[in-house]
Amino acid sequence: MSYAKRWCDYDQCCEFEPRSWNQVYCYDVEKCGGCSRKAENERRRVNEAALFEIPREYKTLKIPKTKDGYKIIIVNDTQIPFQDDKTLRAVEGFWNDFQPDLELYNGDILDFYNISDFSKNPTRRFKVQDELDATHQWLFNRANAVPSARRILIDGNHEDRLRRWLWKYGADIASLRDMTLDKLLDLEDLGVENIPYNSVVDFLGYRVEHGYKSSASKAYPVAVARWMAIATGSSGLCGHTHHFGTYSWTDAKGTHSYIENGCLCRLDLEYAPFPNWQQAFTYGVVKNNKVHLVPVMIYEDGFMTNGEWYSRR
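So for the sequence shown, our numbering puts the first residue at 824; every next one is plus one.
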């Protein structure tokens, strides 16, 4: 049986007459090396297949050096649309006065309530797009208020709900370019860098991450700051727990500290009655390439810092 001529499947290097219907490489050694081309193409095919087996990516974004007077602010767990508006207005008042050079949005900035695994309150009428729009608007307002700042969003477990939902229910559309948080929030337009959940910003050797260790909302919860300090062996800061606390220690390398950075969401969420949570944020200034951080706990009527009173109203 004869078969119609076809071009060699390697790179269309020559036309040949196949010996069988499934022959896709020519065997002409003089023209193109014959079966040696087949081996080379097989290696290329394996490499292309690897594109579909990309593991989850975790990053350490390093900022190794800054000038004296460089200012940083770190906020987390606003959980938009469940942000505490009074608290956030007070924090934004300080934020606008402080004019930081670096803004770290340390995870759980939006809630992704509608794609969570938990039971949903049927009286909640907002949708996923409403959450995205509200979060984009808040980030846009912050960018307008401090246009010169560098902005970095570290995904928390709530942002990661998008990936988990796509892997569980939307595998067929998970690879679409626009199905990423970066695209859905239009972060590039806002000048916001985005790194995935469980990633770290290493700021002058100080680790900032959303965190993953939880502690029971009891009167005497686990000291997650101490737990994270032991787990990472480094000074650092995490969110996630909605608790405020610090842990310090001294070893052969010097004095260190770890901060639990509280939250900026409401304290009356339906899944956590009478929670043992504290609202807080952290800011700092660099001197001699070390960041000197000031954690700020927010009380029912507001907070005092830098000699100024910022009221919750």
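Virtual Cβ for every residue (Gly too), placed ideally from N, Cα, C.
Computed from a prediction, not measured in an experiment: that's the story for all the values here.
Where does Leu999 fall in DSSP's three states? Here the question's residue 999 lines up with position 176 in the sequence shown. Three-state DSSP puts Leu999 in coil, outside helix and strand.
Quick check: the Cα distance between Pro841 and Lys828, rounded to an integer number of angstroms? Looking up residue 841 in the sequence shown gives position 18. Looking up residue 828 in the sequence shown gives position 5. If I take the Cα positions, the gap works out to 6 Å.
Does the distance from the CB of Tyr1020 to the CB of Gly1056 come in under 9 Å? Within the sequence shown, the letter at position 197 stands for residue 1020. Within the sequence shown, the letter at position 233 stands for residue 1056. No; because the gap between Cβ atoms is not below 9 Å, this pair is not in contact.
Less than 8 Å between the CB atoms is what I'm expecting for Lys882 and Ser1022, so what's the real figure, rounded? Translated into positions along the sequence shown, residue 882 becomes position 59. Translated into positions along the sequence shown, residue 1022 becomes position 199. Confirmed, Cβ separation roughly 4 Å.
Nearest residue (CA-CA) to Trp1072, options Trp1050, Cys1061 and Leu1090: Taking the sequence shown and counting its residues from 1, the one referred to as residue 1072 is at position 249. For Trp1072, the nearest C-alpha among the options comes from Trp1050.
Less than 9 Å between the beta carbons of Ile896 and Leu933, yes or no? Working through the sequence shown from its first residue, we reach residue 896 at position 73. Working through the sequence shown from its first residue, we reach residue 933 at position 110. Their beta carbons are not under 9 Å apart, which means Ile896 does not touch Leu933 by this criterion.
In this structure, what does DSSP give as the bridge partners for Met1120? Within the sequence shown, residue 1120 is the residue found at index 297, counting from 1. Beta-bridge partners of Met1120 (DSSP): Ala1103.
If distances are taken between C-alpha atoms only, which option among Lys1110, Tyr1094 and Trp1100 comes closest to Phe941? The residue you call residue 941 lines up with position 118 of the sequence shown. Nearest option by C-alpha distance: Tyr1094.
Is the distance from the Cβ of Leu1004 to the Cβ of Asn1017 below 9 Å? In the sequence shown, counting from the first residue as 1, residue 1004 sits at position 181. In the sequence shown, counting from the first residue as 1, residue 1017 sits at position 194. For Leu1004 and Asn1017, yes; Cβs fall inside 9 Å.
Which of the three DSSP states is assigned to His1115 in this structure? For this step, residue 1115 is matched to residue 292 along the sequence shown. The answer is strand: DSSP assigns His1115 an E or B state.
Taking DSSP's pairing of strands, which residues face Met1127 in a bridge? For this step, residue 1127 is matched to residue 304 along the sequence shown. BP columns for Met1127 point to Trp1132.
Pair within 9 Å by beta-carbon distance, Asp907 and Arg1136: The sequence position of residue 907 within the sequence shown is 84, counting from 1. The sequence position of residue 1136 within the sequence shown is 313, counting from 1. Going by C-beta atoms, Asp907 is not nearer than 9 Å to Arg1136.
Can you tell me which of the three DSSP states Leu1092 falls into? As a first step, residue 1092 must be located in the sequence shown, where it is residue number 269. Coil.
Alpha carbon to alpha carbon, what distance is there between Asn929 and Ala972? Against the sequence shown, residue 972 aligns to sequence position 149. Against the sequence shown, residue 929 aligns to sequence position 106. Distance between the alpha carbons of Ala972 and Asn929 is about 15 Å.
Neighbourhood of Leu1007 by C-beta distance below 6 Å, restricted to the same chain and skipping five residues each side: Within the sequence shown, residue 1007 is the residue found at index 184, counting from 1. Closer than 6 Å at Cβ, skipping near neighbours: Leu955.
Cut-off 6 Å between Cβ atoms - residues of its own chain near Asp983, not counting five sequence neighbours on either side: For the purposes of this step, residue 983 is taken as the residue at position 160 of the sequence shown. Answer for Asp983: Tyr1020, listed in chain order.
Put Thr910 into one of helix, strand or coil per three-state DSSP. Residue numbering aside, residue 910 sits at position 87 when the sequence shown is read from its first letter. Thr910 falls in the helix class under three-state DSSP.
Bridge-paired residues (DSSP) for Leu933: Your numbering for residue 933 matches position 110 in the sequence shown. Ile903.
What are the start and end residues of the alpha helix (DSSP H) that includes Glu1011? To locate residue 1011, count along the sequence shown from 1; it is residue 188. Glu1011 -> alpha helix (DSSP H) spans Leu1010 to Leu1013.
Taking Cβ positions, are His1065 and Pro1096 nearer each other than 9 Å? Counted from its first residue, the sequence shown places residue 1065 at position 242. Counted from its first residue, the sequence shown places residue 1096 at position 273. The answer is no: Cβ separation not under 9 Å.
I'd like to check one pair, Ile977 with Glu1032: are the Cβ atoms closer than 9 Å? For the purposes of this step, residue 1032 is identified with residue 209 of the sequence shown, where counting begins at 1. For the purposes of this step, residue 977 is identified with residue 154 of the sequence shown, where counting begins at 1. A contact, by the Cβ cut-off of 9 Å.
Answer with buried or exposed for Ala1144, where buried requires no fewer than 16 other C-beta atoms within 10 angstroms of its C-beta. Only positions 824 to 1136 of the chain appear in this structure, which leaves residue 1144 out of reach.
Taking the DSSP output, what are the residues bridged to Ser1080? Taking the sequence shown and counting its residues from 1, one reaches residue 1080 at position 257. Bridge partners of Ser1080: Ser1071.
Could you give the DSSP three-state label for Glu954: helix, strand or coil? Translated into positions along the sequence shown, residue 954 becomes position 131. Glu954 falls in the helix class under three-state DSSP.
Determine the DSSP secondary structure at Phe921, reduced to helix, strand or coil. Numbered from 1 along the sequence shown, position 98 holds the residue referred to as residue 921. It is helical.
Measure the Cβ-Cβ separation of Ala913 and Ile1121 and say whether it is below 9 Å. To locate residue 913, count along the sequence shown from 1; it is residue 90. To locate residue 1121, count along the sequence shown from 1; it is residue 298. Their beta carbons are under 9 Å apart, which means Ala913 touches Ile1121 by this criterion.
With a threshold of 6 Å on Cβ separation, who are the neighbours of Arg1045 within its own chain once the five nearest residues in sequence on each side are excluded? Looking up residue 1045 in the sequence shown gives position 222. Checking the displayed sequence, the identity of residue 1045 turns out to be Val instead of Arg. Excluding sequence neighbours, Val1045 sits near Ser1038.
For Leu911 versus Asp1025, is the C-beta distance shorter than 9 Å? Translated into positions along the sequence shown, residue 911 becomes position 88. Translated into positions along the sequence shown, residue 1025 becomes position 202. No, these two residues do not count as a Cβ contact at 9 Å.
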